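Q:
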């Protein structure tokens with residue numbers, strides 16, 4: 014996880030509006046074109062992308078507190094796990110527990126937040142991901 018990237022998001026959040034939709038994922042997600050999504054699907058809410066390179070589920074709460082929590086999103090799209098493939102293979106329970114803890118934390122600080130969990134892409138039908 015990159016502290017410089019988190020600081021950049023903290024600065025951007027000073028000018029952002031609360032509510033709306035936040036995308037919170039890993040490296041692949043950083044390039045999601047929020048303006049194009051908003052236009053193509055006629056989305057009226059604000060959309061912010063707060064995805065972090067090399068985001069692990071083990072660091073996700075710290076990253077959430079730093080770059081998402083102040084936005085108080087109405088909807089949060091989670092796409093975490095890309096950096097956790099080895100963790101999941103070694104201890105799937107630890108991965109699941111960390112994910113559940115993250116969701117519990119989010120709901121305890123923003124009870125009205127709708128959370129959508131986006132599964133990882135699995136082009137090769139890897140049974141670890143399935």
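Numbering (the working numbering), first residue to last: 14 to 143. In this text, a Cβ means the ideal position worked out from N, Cα and C, and glycines have one as well. Small disclaimer: the values here were computed from a predicted structure and weren't measured.
I'd like the list of long-range same chain contacts for residue 51, defined as Cβ closer than 6 Å, with 5 residues on each side in sequence excluded.
A: Taking the chain shown and counting its residues from 1, the one referred to as residue 51 is at position 38. Excluding sequence neighbours, residue 51 sits near 60.
Q: Would you please state the rounded distance, in angstroms, between the beta carbons of residue 97 and residue 64? I believe it to be under 8 Å.
A: Here residue 97 is taken as the residue at index 84 of the chain shown, counted from 1. Here residue 64 is taken as the residue at index 51 of the chain shown, counted from 1. About 15 Å separates the two Cβ atoms, so there is no contact after all.
Q: Is the distance from the Cβ of residue 32 to the Cβ of residue 87 below 7 Å?
A: Reading the chain shown from its first residue, position 19 is the one you call residue 32. Reading the chain shown from its first residue, position 74 is the one you call residue 87. Contact: yes.
Q: With distances taken from CA atoms, which of 105, 92, 79 and 28 is nearest residue 20?
A: On the chain shown, position 7 is the one that residue 20 refers to. Looking at the Cα atoms, 79 is the closest of the given residues.
Q: May I ask which residues mark the beginning and end of the alpha helix (DSSP H) holding residue 26?
A: Position 13 of the chain shown holds residue 26. Unbroken alpha helix (DSSP H) run through residue 26: 16-26.
Q: Please list, in chain order, all residues of the same chain as residue 82 whose beta carbon is under 7 Å from its beta carbon, the five residues on each side excluded.
A: Position 69 of the chain shown, counted from the start, is the residue given in the question as residue 82. Only 122 meet the Cβ criterion.
Q: Measure the alpha-carbon distance for residue 142 versus residue 49 and round it to whole angstroms.
A: By one-based count along the chain shown, residue 142 stands at place 129. By one-based count along the chain shown, residue 49 stands at place 36. Low confidence applies here, because residue 142 scores a pLDDT of 42, under 50, leaving its location unreliable; read the following figure in that light. Between residue 142 and residue 49, the C-alpha separation is close to 29 Å.
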